[in-house]
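Enquirer: Note that numbering that gives the first Met the number 0 gives residue 316 to position 317 of the sequence shown, counting from 1, and the numbers run on in steps of one.
From the three backbone atoms N, C-alpha and C, an ideal C-beta is built for every residue, glycine too.
What you are looking at is a predicted structure, and each value in this text was computed from that prediction instead of being measured.
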Amino acid sequence: MIIVMKVGSPQEEIDRISEEMCGRGLTPEKIVGKHKVVIGLVGETAALDPLQMQEISPWIEQVLRVEQPFKRASLEFRHGQPTDVAIETPDRAVHIGQNHPVVTIAGPCSVENEEMIVATAQYVKASGAKLLRGGAYKPRTSPYAFQGHGESALGLLAAAREATGLGIITEVMDAEDLDKIVEVADVVQVGARNMQNFSLLKKVGAQPKPVFLKRGMSATIEEWLMAAEYIMAAGNPNVILCERGIRTFDRQYARNTLDLSVIPVLRSLTHLPIAIDPSHGTGRAEYVPSMAMAAIAAGADSLMIEVHPNPAKALSDGPQSLTPQRFDRLMQELSVIGRAVGRWQPPVVALT
0 MIIVMKVGSP QEEIDRISEE MCGRGLTPEK IVGKHKVVIG LVGETAALDP LQMQEISPWI
60 EQVLRVEQPF KRASLEFRHG QPTDVAIETP DRAVHIGQNH PVVTIAGPCS VENEEMIVAT
120 AQYVKASGAK LLRGGAYKPR TSPYAFQGHG ESALGLLAAA REATGLGIIT EVMDAEDLDK
180 IVEVADVVQV GARNMQNFSL LKKVGAQPKP VFLKRGMSAT IEEWLMAAEY IMAAGNPNVI
240 LCERGIRTFD RQYARNTLDL SVIPVLRSLT HLPIAIDPSH GTGRAEYVPS MAMAAIAAGA
300 DSLMIEVHPN PAKALSDGPQ SLTPQRFDRL MQELSVIGRA VGRWQPPVVA LT
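1. What does the Cβ neighbour count give for C21, buried or exposed, with the cut at 16 atoms within 10 Å?
2. Which residue comes first and which comes last in the alpha helix (DSSP H) that contains C21?
3. Should the region 199-209 be called in touch with the region 64-79, which here means at least 3 C-beta pairs below 8 Å?
4. Going by the CB atoms, is the gap between T103 and A128 shorter than 7 Å?
5. Taking C-alpha atoms, which residue in E285, Q331, A299 and S278 lies nearest to S315?
6. In whole angstroms, give me the CA-to-CA distance for R325 and Y122.
7. Using the Cα positions of K213 and E54, report the straight-line distance between them to the nearest angstrom.
8. Can you list, in chain order, the residues of its chain with a C-beta nearer than 6 Å to that of F69? Leave out the 5 residues immediately preceding and following it.
9. Starting from the C-beta of L25, find all residues in its chain whose C-beta is less than 6 Å away, skip the five residues before and the five after it, and write them out in chain order.
10. As a quick exercise: from M231, C108, A284 and I230, pick the residue whose alpha carbon is nearest that of A152.
11. Skipping 5 residues on each side, what residues in its chain have a beta carbon closer than 8 Å to that of V264?
12. Would you please state the rounded distance, in angstroms, between the beta carbons of G204 and R243? I believe it to be under 8 Å.
13. Which residues mark the beginning and the end of the alpha helix (DSSP H) in which P369 is found?
14. If the criterion is Cβ atoms closer than 7 Å, does the pair V84 and P207 meet it?
15. In terms of residue numbering, what span does the beta strand (DSSP E) encompassing Q188 cover?
16. For V65, which residues from the same chain have a beta carbon less than 7 Å from its beta carbon, with the 5 sequence-adjacent residues on both sides left out?
17. Give the single residue among P100, G79 and A120 whose Cα lies nearest to the Cα of H307.
18. Using a Cβ-Cβ cut-off of 8 Å (strictly less than) and excluding sequence neighbours within five positions of T269, which residues of its own chain qualify?
19. Suppose only complete runs of 3+ residues qualify. What are the beta strand (DSSP E) ranges in the region 247-324, listed by chain order?
20. Among residues of its own chain, excluding the 5 on either side of G56, which ones have a beta-carbon nearer than 7 Å to its beta-carbon?
21. By DSSP's criteria, G244 is part of a beta bridge. Which residues make up the other side?
22. To the nearest angstrom, how far is the alpha carbon of V187 from that of I167?
23. Answer with buried or exposed for L50, where buried requires no fewer than 16 other C-beta atoms within 10 angstroms of its C-beta.
24. Note down the Cα distance separating G234 from D48, rounded to an integer number of angstroms.
25. Assuming K137 contacts W58 under a Cβ cut-off of 8 Å, what Cβ separation, rounded to an integer in Å, is found between them?
26. Extract the residue ranges of the beta strand (DSSP E) inside the region 64-146, only unbroken runs of 3 or more that lie entirely within it.
27. Relative to the C-alpha of I116, which candidate in E18, N193 and L155 has its C-alpha closest?
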């Protein structure tokens, strides 16, 4: 349920209503829009009558029910206001949301050594990336595949952060590692395989860093949004949804089916920012540029693209990784689409 306050409502009245809702066993969350304040109410609201609720103050414009099962994540809960997730990096704050230029996240699937991760960070920053991705802990289908270097790789990500000023995004697989990851990462990623690891979602939601939530490979949109709800219900409102491809019947030509239709669907359902990962979504480097451009045209707020200095020798996901040179060219290609839809920063300088 949400309470929409009238324009010019005094802060004292907003606070009074919030206190009264607390007294009724509800959790009020104040959402400040451009012109109005909305008070979102979470808890047992089924027995409440919106018409009677409207009578508690002359400053209340209307009271509406949130019909979706995902309350905090729903577009209704914020009365149509999109969320802007601010990520603090050494260089500056990076904003991800539909009212900002598209943010590109780039880097290798996994951190292999210091020389490689620092060089890759320098390459992708020169091409215009704002955040560096790199796995310290890697979930792999085979127990014999490279699992990442673990805690030591976090130190290498910290070195890349220090050398370039890029923000760091890396995946958490186990709640026991969360504190160590939060010390280094500016964004905590929950991978597709952990999207419904509810105990992990609660722990991630209890820490302050923004969360990058990937869609499970067989998850419905509602299941994905309910996973986001777990994080938000635990106290963290800064969730970015990432589509990374779903598993369908045809896997001969692409690793997954990249579901770009989620962009307009999510826009109608949630206020959360939307990211697209065309690298995992296709599994083949030659398909990544086309799907990245399509994602921007469809309205994505962010792209996550795998880049490796030598994909043929990558310890994980080499076939879907772009070389730094191809990534630089892609960023120039993306700028054309981005400017056309009003979602791109000034052109970047090409690598020499």
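Expert: Considering the structure as presented:
1. Within the sequence shown, residue 21 is the residue found at index 22, counting from 1. Exposed is the call here.
2. Translated into positions along the sequence shown, residue 21 becomes position 22. Taken as a continuous stretch (DSSP letters only), the alpha helix (DSSP H) holding C21 covers Q10 to G22.
3. no
4. Taking the sequence shown and counting its residues from 1, one reaches residue 128 at position 129. Taking the sequence shown and counting its residues from 1, one reaches residue 103 at position 104. In this structure, T103 lies closer than 7 Å to A128 by Cβ.
5. Start at 1 with the first residue of the sequence shown, and residue 315 comes out as number 316. Comparing Cα positions, the closest option is S278.
6. Counting from one through the sequence shown, the residue named residue 325 turns up at place 326. Counting from one through the sequence shown, the residue named residue 122 turns up at place 123. Spanning the two alpha carbons is a distance of roughly 11 Å.
7. Translated into positions along the sequence shown, residue 213 becomes position 214. Translated into positions along the sequence shown, residue 54 becomes position 55. Going by the C-alpha atoms only, they are around 42 Å apart.
8. For the purposes of this step, residue 69 is taken as residue 70 along the sequence shown, with counting starting at 1. L224, M225 and E228.
9. One-based indexing of the sequence shown puts residue 25 at position 26. Correct list, in chain order: L40 and G42.
10. The count along the sequence shown starts at 1 and reaches residue 152 at position 153. Checking every option, the nearest Cα to that of A152 belongs to C108.
11. For the purposes of this step, residue 264 is taken as residue 265 along the sequence shown, with counting starting at 1. Result list for V264: I220, in chain order.
12. Numbered from its first residue, the sequence shown carries residue 204 at position 205. Numbered from its first residue, the sequence shown carries residue 243 at position 244. Rounded, the Cβ-Cβ distance is 20 Å, inconsistent with contact.
13. The structure shown does not extend to residue 369, since the chain is modelled only from 0 to 351, so the question has no answer here.
14. Here residue 84 refers to the residue found at position 85 when the sequence shown is read from its first residue. Here residue 207 refers to the residue found at position 208 when the sequence shown is read from its first residue. Not closer than 7 Å, so no.
15. The count along the sequence shown starts at 1 and reaches residue 188 at position 189. Looking at the DSSP string, the run of the beta strand (DSSP E) that includes Q188 is V186 to V189.
16. Taking the first residue of the sequence shown as position 1, residue 65 is located at position 66. Closer than 7 Å at the Cβ level, and outside the excluded window around V65, lie M0, I1, S73, E75 and F76.
17. The residue you call residue 307 lines up with position 308 of the sequence shown. The residue with the shortest Cα to Cα distance from H307 is A120.
18. Sequence index remark: in the sequence shown, residue 269 carries index 270 (1-based). Closer than 8 Å at the Cβ level, and outside the excluded window around T269, lie F69, A72, S73, L74, L224, A227 and L240.
19. 273-275 and 301-305
20. Against the sequence shown, residue 56 aligns to sequence position 57. Residue identity differs from the one stated: residue 56 is Ser in this sequence, not Gly. Answer for S56: E12 and I16, listed in chain order.
21. Start at 1 with the first residue of the sequence shown, and residue 244 comes out as number 245. For G244, which the question treats as bridged, DSSP gives no partner whatsoever.
22. Position 188 of the sequence shown holds residue 187. Position 168 of the sequence shown holds residue 167. Using only the alpha carbons, I get a separation of about 9 Å.
23. Within the sequence shown, residue 50 is the residue found at index 51, counting from 1. Exposed, since its Cβ has fewer than 16 Cβ neighbours within 10 Å.
24. The count along the sequence shown starts at 1 and reaches residue 234 at position 235. The count along the sequence shown starts at 1 and reaches residue 48 at position 49. Computed Cα separation, rounded: 27 Å.
25. Residue numbering aside, residue 137 sits at position 138 when the sequence shown is read from its first letter. Residue numbering aside, residue 58 sits at position 59 when the sequence shown is read from its first letter. The pair is not a contact, with the Cβ atoms about 53 Å apart (cut-off 8 Å).
26. 84-87, 92-95, 102-106 and 130-132
27. Along the sequence shown, read from residue 1 onward, the residue named residue 116 stands at position 117. The shortest C-alpha separation from I116 is found at L155.
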